[in-house]
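Asker: First, the structure itself, so that you have it in front of you.
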Amino acid sequence: MSTLVAPYRFADQFYAGARACIPVCISVAAYGVVWGVLARGAGLSLFEVILMSGLVFAGSAQFVALDLWSTTPSALPIGPLILAALIVNLRYLLLTATLRPLFRPDQQWKGAVMMGIVSDETWAMTVGEMARGRGSIAFLLGGGIFAYVVWMAMTVTGHVLGSAIDDPSRYGLDFAFTATFLALLLGMWRGKGDLVPWIVAALAAIVSAKLVGGSWYILIGGIFGSLAGALAERRRHVD
Amino acid sequence: MLTSPEALIAILGMALVTFAIKAGGLLLANRLPSDGFAAAWLRHIPGAVLAALVAPALVTGSPAEVIAAAATGLVFITSRNLFAAMAAGVATVYLARLLLAG
Numbered sequence: 001m002s003t004l005v006a007p008y009r010f011a012d013q014f015y016a017g018a019r020a021c022i023p024v025c026i027s028v029a030a031y032g033v034v035w036g037v038l039a040r041g042a043g044l045s046l047f048e049v050i051l052m053s054g055l056v057f058a059g060s061a062q063f064v065a066l067d068l069w070s071t072t073p074s075a076l077p078i079g080p081l082i083l084a085a086l087i088v089n090l091r092y093l094l095l096t097a098t099l100r101p102l103f104r105p106d107q108q109w110k111g112a113v114m115m116g117i118v119s120d121e122t123w124a125m126t127v128g129e130m131a132r133g134r135g136s137i138a139f140l141l142g143g144g145i146f147a148y149v150v151w152m153a154m155t156v157t158g159h160v161l162g163s164a165i166d167d168p169s170r171y172g173l174d175f176a177f178t179a180t181f182l183a184l185l186l187g188m189w190r191g192k193g194d195l196v197p198w199i200v201a202a203l204a205a206i207v208s209a210k211l212v213g214g215s216w217y218i219l220i221g222g223i224f225g226s227l228a229g230a231l232a233e234r235r236r237h238v239d
Numbered sequence: 240m241l242t243s244p245e246a247l248i249a250i251l252g253m254a255l256v257t258f259a260i261k262a263g264g265l266l267l268a269n270r271l272p273s274d275g276f277a278a279a280w281l282r283h284i285p286g287a288v289l290a291a292l293v294a295p296a297l298v299t300g301s302p303a304e305v306i307a308a309a310a311t312g313l314v315f316i317t318s319r320n321l322f323a324a325m326a327a328g329v330a331t332v333y334l335a336r337l338l339l340a341g
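These protein sequences, in sequence, are chains A and B.
For the first sequence, my numbering gives the first residue as 1, with consecutive numbering after it.
For the second sequence, my numbering gives the first residue as 240, with consecutive numbering after it.
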């Protein structure tokens, strides 16, 4: 196990991961507060907020759940809630698949368990690090656990304080997510080979965001863009 | 009231499918060959997903978001600093929304 070989390096990487996730955790915090406030409005108890943030830990699925939630237990649509979580989170198939290089073949089950801590934000930071030839399991865990704690703390804060809190979008904090992901994307530029997949992904995402709604655009853009990139690469090799 | 059995089942079910998908992506990727087309495809996923995440927000956003995105890009390209780029984006969107709304 790599942790036994160099424990100090595990700690270094863990803190590096947490530090690197500070910018994205600002948007996690902003979304967390908003979700907590809305969850209170939808009638979730504080205990249910803690359970959902702690066990589901997936912002977009939690937002969708609020639309379906009912305060009358017998009217709670259990099946649709679970199905909605499944559909909204399908994009994670693509995200966690790209983390494969972090794990040795014999570590895949250990890796599978760790995937529970992955969110859009920490995934993005980790693949950004991997693109620079770095990135490690410890980095992923450091960012993941930091984001988990922030999400938990801020959703609870939102629920407790309710509408006494200002809307974070008044301070532009909702844009932290887009800004960070845009900067990460620019940092991944490796040359003209990236142009085709990025443009295809962006166009597919824009079209599907208009036509389908929900969070499908991430999955659809991701699949079309990456396939276009792989196809373009193969064509260049053939020529 | 803490919770109800129905809410507990719903939350546990949501947690279970979410975890299964997150773990499933990594396990499925391990079944793919590590070279050739599958590897090229996996390599292009991060950029494609990030582009897909960002693009609709910029197209459907107001001019404030577009200006802020330009500021974010400019600061990142000149400084290569993620935090500075994010801060520039947030500050610009805040100011642009104030000015454009007023």
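Quick reminder that beta carbons are idealized off the backbone N, C-alpha and C, glycines included.
Look at A/S208 and A/Y217 and say whether their C-beta atoms are less than 8 Å apart.
Answerer: Yes, the pair counts as a contact, with Cβ atoms nearer than the cut-off.
Asker: Looking at chain A, is there any beta carbon in it that lies within less than 8 Å of the beta carbon of B/L292?
Answerer: Yes, its Cβ sits closer than 8 Å to a Cβ of chain A.
Asker: Could you tell me the alpha carbon to alpha carbon distance between A/D167 and A/G111, rounded to whole angstroms?
Answerer: A/D167 and A/G111: Cα-Cα distance of roughly 37 Å.
Asker: B/W329 CB to nearest chain A CB: under 8 Å?
Answerer: Contrary to the premise, residue 329 of chain B reads as Val rather than Trp in this sequence. Yes, its Cβ sits closer than 8 Å to a Cβ of chain A.
Asker: What is the residue span of the alpha helix (DSSP H) that A/M114 lies within?
Answerer: Here the alpha helix (DSSP H) through A/M114 covers 108-114.
Asker: List the residues of chain B whose Cβ lies closer than 7 Å to the Cβ of A/A118, in chain order.
Answerer: The question names Ala, but residue 118 of chain A is Val in the sequence shown. By Cβ distance, chain B contributes K261.
Asker: Taking contact to mean 3 or more Cβ pairs, one atom from each stretch, closer than 8 Å, check whether the region 312-323 of chain B and the region 282-302 of chain B are in contact.
Answerer: Touching, no.
Asker: So for A/V150, helix, strand or coil by DSSP?
Answerer: Of the three classes helix, strand and coil, the one that applies to A/V150 here is helix, per DSSP.
Asker: Rounded C-beta distance between A/V118 and A/G144? I'm assuming under 8 Å.
Answerer: Their Cβ separation, rounded to whole angstroms, is 6 Å, which keeps A/V118 and A/G144 in contact under 8 Å.
Asker: Taking Cβ to Cβ, would you say A/F175 is nearer than 8 Å to B/V314?
Answerer: Against a cut-off of 8 Å, the Cβ pair of B/V314 and A/F175 comes out as no contact.
Asker: Taking DSSP as the reference, what is the three-state secondary structure of A/T72?
Answerer: Reduced to three states, the DSSP call for A/T72 is coil.
Asker: Residues of chain A with CB under 8 Å from B/S243, in chain order?
Answerer: Neighbours of B/S243 on chain A, chain order: P73, L76.
Asker: Buried or exposed: A/W109, going by 16 or more other Cβ atoms within 10 Å of its Cβ?
Answerer: Exposed, since its Cβ has fewer than 16 Cβ neighbours within 10 Å.
Asker: Please confirm whether A/V37 and A/S163 have their CB atoms less than 8 Å apart.
Answerer: Taking 8 Å as the Cβ cut-off, A/V37 and A/S163 qualify as a contacting pair.
Asker: Taking 8 Å as the cut-off, decide whether the C-beta atoms of B/A287 and A/W198 are in contact.
Answerer: For B/A287 and A/W198, yes; Cβs fall inside 8 Å.
Asker: Compute the Euclidean distance between the alpha carbons of B/A303 and A/F177, then round it to the nearest angstrom.
Answerer: Answer to the nearest angstrom: the Cα atoms are 15 Å apart.
Asker: Got a sec, what are the start and stop residues for the alpha helix (DSSP H) B/P272 sits in?
Answerer: Unbroken run through B/P272: none, as it is neither H nor E.
Asker: Using a Cβ cut-off of 8 Å, pull out every chain A residue sitting near B/L251, in sequence order please.
Answerer: Chain A residues near B/L251: L55.
Asker: Tell me, please, whether the CB atom of B/P285 is closer than 8 Å to any CB atom in chain A?
Answerer: It does: the Cβ of B/P285 has a partner Cβ on chain A nearer than 8 Å.
Asker: Which stretch, first to last residue, makes up the alpha helix (DSSP H) that contains A/G229?
Answerer: Residues 216-238.
Asker: Report the neighbours of A/Q108 on chain B: residues whose CB is nearer than 8 Å to its CB, in chain order.
Answerer: L265, L266, N269, listed in chain order.
Asker: Between which two residues does the alpha helix (DSSP H) holding A/K210 run?
Answerer: Element bounds for A/K210: 195-211.
Asker: Could you check whether B/M253 and A/A85 sit closer than 8 Å to each other, using their CB atoms as the reference points?
Answerer: Yes, they are a contact pair.
Asker: Which runs of the alpha helix (DSSP H) fall wholly inside the region 18-106 of chain A and span at least 4 residues, in chain order?
Answerer: Here the runs fully enclosed are 22-42, 46-55, 59-68, 78-88, 92-97.
Asker: Among A/H237, A/M188, A/L99, A/P101, which one has its Cα closest to the Cα of A/A131?
Answerer: Comparing Cα positions, the closest option is A/M188.
Asker: Is the region 47-65 of chain A close to the region 251-268 of chain B, with three or more CB pairs under 8 Å?
Answerer: The answer is yes - the region 251-268 of chain B touches the region 47-65 of chain A, with three or more Cβ pairs under 8 Å.
Asker: Do B/A279 and A/A230 have their beta-carbon atoms positioned less than 8 Å apart in this structure?
Answerer: Yes.
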